[in-house]
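S.K.:
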Amino acid sequence: MARKDSSDLFDQLLVIEVQRGDKRAAERLYARWNPRLLRAARRYCGDGSMVADLVQECWLAIWKGLRSLRDPGRFRSYAFAVLHRRGSDQLRRVVRERGTMTDAPPSPDIGHEPTQADSAALAQAFATLPPDQRLAAHLYFAEGLTLAEIAEVQAIPEGTAKSRLFHARRKLKAALTPIDEGELL
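Numbering-wise (this note's numbering), the sequence shown opens with residue 1 and increments by one.
(1) Is T177 helix, strand or coil when you go by DSSP?
(2) Is P131 helix, strand or coil when you go by DSSP?
(3) Distance, Cα to Cα, K64 vs S119?
(4) Determine the burial state of F10: buried for a count of at least 16 other Cβ atoms within 10 Å of its Cβ, exposed for fewer.
(5) Which residue marks the beginning of the alpha helix (DSSP H) containing S49, and which one marks its end?
(6) So what does DSSP say about E152, is it helix, strand or coil?
(7) What number of angstroms, rounded off, separates the C-alpha of P72 from the C-alpha of K173?
(8) Would DSSP call L69 helix, strand or coil?
(9) Here's the rule: buried if 16 or more other CB atoms are within 10 angstroms of the residue's CB, otherwise exposed. What is F126?
(10) How would you call E97, buried or exposed, if buried means at least 16 neighbouring beta carbons within 10 angstroms?
(11) Return helix, strand or coil for R20, following the three-state DSSP convention.
Structure (structure tokens):
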């Protein structure tokens, strides 16, 4: 827990320094957060070709709005909220361009993750979730956000965030639970 707290404090310090115009602090904040945003974007949109563009759009919006962030301790929620808004916009554009969206987005690129069967199964299970549930699950399990923070990121009531997480868990459990051969008979 202390490691997470010190990491959050360091992020807060970096945000304050970026708000004061420190370019090196901006570079360090980018270096610390770009991998997290890439991971979350990969989970959210599932399409490897969209991930880099989405994260680049996020960073442009983050830099533009960072000066108006009053509480540097809210940077984590702020960054993921930008990702959610930009990702939603991007998915809507894709739906308009393609005409419809398939139920399951393309499998996420798991080349940067361990190639073990469990990791592949988890990535496949995540890919079957609707985008909002996928992001809620990623923010909760991978990023450690609370329900309140997830609600803030997705601009929804806390009860809706809880519901999205509940349904995501249920779907992930069903996708990852092996079928007992006795159940088929």
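Where is the CB? At the ideal position from N, CA and C, for every residue including glycine. Every value quoted in this text rests on a predicted model; they were computed, and no experiment measured them.
M.R.: So, from the listed chains and residues:
(1) coil
(2) helix
(3) Looking at the two C-alpha atoms, the distance is approximately 36 angstroms.
(4) exposed
(5) 48-65
(6) helix
(7) 36 angstroms
(8) coil
(9) By the neighbour-count rule (16 or more Cβ atoms within 10 Å), F126 is buried.
(10) Counting of Cβ neighbours within 10 angstroms places E97 among the exposed residues, the total staying below 16.
(11) coil
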